[in-house]
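Trainee: Let me give you the structure first, and then I'll get to my questions.
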Ligand code: PMP
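Numbering (our numbering), first residue to last: 411 to 767.
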């Protein structure tokens, strides 16, 4: 037994949709995990069918076909890419590959929980930098920059706030970070970003060799159930990461689905446009009701709600599952994934009802 693991709490995915529907005896609208309710491109079905005949063989262990089209998009080579069983696995691989016990990692909070868990598992030391006003201010991290810092996790746009930092802010910061520090820039929600001053990581990753970009097919591409993500960085970093990658970590269907989904730009553009329209509609509707809703560049919104656990319970009884923020230390907030238009009224009516009594 390792003592570092003693205080870790296993990730609790909660009940599955089916289990919850059975328990409550009604259909549930699940808006708790920032999955895309638009689903993946309908083109997938035919492609996946062909692959069913190949399931007795191991997947392509190099992920070559998928990596080639991603590399083309990034203007880089396959040697700059590493595939993961979701971006989550890459976070764990990064700490396994680059962090020795007791080495220091900066994590501005609140943010995605996997970073802290991955650091703890390998015995790293977390330097948590709590952020004011629920937005990551990179300047607040500068006083913590020393040559002993091995890694910095930055989520942009940030989960659970939906807020972002600009290219100017990021570049100012990158210039101050020493070459020996790896900066992990998690861009899981980038597809939903509309802000023009958002950082262009395709450019920055070529300029800063200590930058690692994380992307996922779980959000806008609608493939959370298949688990595909990837890291982009300098060849040297990727070579090290590949050493800790479990064999065949991305399965045959996942590779094929990501390959097809990545190329259906028309479908992706529609999903993104509709998600952003719905997000802005919800913010416009909820704000005049006296609710504080953070401006968001993602497929979710964070709402300030007093008695949020009570409201959460009521919403669940009404058939809508959203995310409590207690584990993020945000007691008075609920995070809601943006659903397609056909669920708009249901969500707004239920919210009004559950807030009102
Ligand atoms: N990064 C962030 C910021 C996330 O919110 C999530 C999932 N919610 C992940 C990474 C993990 O994504 P994946 O499904 O690709 O493991």
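C-beta: ideal position from N, C-alpha, C; glycine also.
Report the start-end ranges of each alpha helix (DSSP H) in the segment 715-744 that is 4 residues or longer and not cut off at the edges.
Mentor: Entirely contained in the segment 715-744, the alpha helix (DSSP H) runs reaching 4 residues are, in chain order, 718-727.
Trainee: For residue 728, count neighbouring Cβ atoms within 10 angstroms of its own Cβ and tell me buried if that reaches 16, exposed if not.
Mentor: Taking the first residue of the chain shown as position 1, residue 728 is located at position 318. Result: buried.
Trainee: Is the distance from the Cβ of residue 494 to the Cβ of residue 664 below 8 Å?
Mentor: Start at 1 with the first residue of the chain shown, and residue 494 comes out as number 84. Start at 1 with the first residue of the chain shown, and residue 664 comes out as number 254. No.
Trainee: Per DSSP, which residues does residue 640 bridge with? Please list them.
Mentor: Here the question's residue 640 lines up with position 230 in the chain shown. In the DSSP output, where bridge partners are listed per residue, residue 640 has 493, 625.
Trainee: Measuring straight from C-alpha to C-alpha, what distance separates residue 606 and residue 471?
Mentor: Taking the first residue of the chain shown as 1, we reach residue 606 at position 196. Taking the first residue of the chain shown as 1, we reach residue 471 at position 61. Cα-Cα distance, rounded: 37 Å.
Trainee: Is residue 537 near residue 525, with beta carbons less than 8 Å apart?
Mentor: Within the chain shown, the letter at position 127 stands for residue 537. Within the chain shown, the letter at position 115 stands for residue 525. No; because the gap between Cβ atoms is not below 8 Å, this pair is not in contact.
Trainee: Since residue 445 and residue 634 should fall inside the 8 Å C-beta cutoff, what is the C-beta to C-beta distance between them, to a whole number of angstroms?
Mentor: What you label residue 445 is simply residue 35 of the chain shown in a count that begins at 1. What you label residue 634 is simply residue 224 of the chain shown in a count that begins at 1. Indeed they touch by this definition, with Cβ atoms about 5 Å apart.
Trainee: Using only the heavy atoms of the ligand PMP, determine whether one of them is closer than 7 Å to the beta carbon of residue 498.
Mentor: As a working mapping, residue 498 is identified with position 88 in the chain shown. Yes, the beta carbon of residue 498 sits closer than 7 Å to at least one heavy atom of the ligand PMP.
Trainee: Give the C-beta separation of residue 735 and residue 751 to the nearest angstrom, bearing in mind that I take them to be a contact with Cβ-Cβ under 8 Å.
Mentor: What you label residue 735 is simply residue 325 of the chain shown in a count that begins at 1. What you label residue 751 is simply residue 341 of the chain shown in a count that begins at 1. Actually they do not touch by this definition, with Cβ atoms about 26 Å apart.
Trainee: When the Cα of residue 726 is compared with those of 440, 411, 505, 414, which residue comes out closest?
Mentor: Here the question's residue 726 lines up with position 316 in the chain shown. Residue 726 has its Cα closest to that of 440, out of 440, 411, 505, 414.
Trainee: Say the cut is 7 Å; is the CB of residue 628 nearer than that to a heavy atom of the ligand PMP?
Mentor: For the purposes of this step, residue 628 is identified with residue 218 of the chain shown, where counting begins at 1. True, at least one ligand heavy atom lies under 7 Å from that Cβ.
Trainee: Is there contact between the segment 669-684 and the segment 502-522, where contact requires at least three CB pairs shorter than 8 Å?
Mentor: Result no; under three Cβ-Cβ pairs closer than 8 Å.
Trainee: Is residue 770 near the ligand PMP - that is, is its Cβ less than 7 Å away from at least one heavy atom of it?
Mentor: In the structure as shown, the chain starts at 411 and stops at 767, and residue 770 therefore has no counterpart that could be examined.
Trainee: State yes or no: is the C-beta of residue 569 nearer than 7 Å to some heavy atom of the ligand PMP?
Mentor: By 1-based counting over the chain shown, the position of residue 569 is 159. Indeed, a heavy atom of the ligand PMP lies less than 7 Å from the Cβ.
Trainee: Return the first residue and the last residue of the beta strand (DSSP E) that residue 596 is part of.
Mentor: Counting from one through the chain shown, the residue named residue 596 turns up at place 186. Per DSSP, residue 596 belongs to the beta strand (DSSP E) from 592-596.
Trainee: Is the Cβ-Cβ distance between residue 707 and residue 631 less than 8 Å?
Mentor: Taking the first residue of the chain shown as position 1, residue 707 is located at position 297. Taking the first residue of the chain shown as position 1, residue 631 is located at position 221. Contact: no.
Trainee: With DSSP run on the structure shown, which of helix, strand or coil describes residue 503?
Mentor: What you label residue 503 is simply residue 93 of the chain shown in a count that begins at 1. Looking at residue 503 - three-state DSSP - the assignment turns out to be helix.
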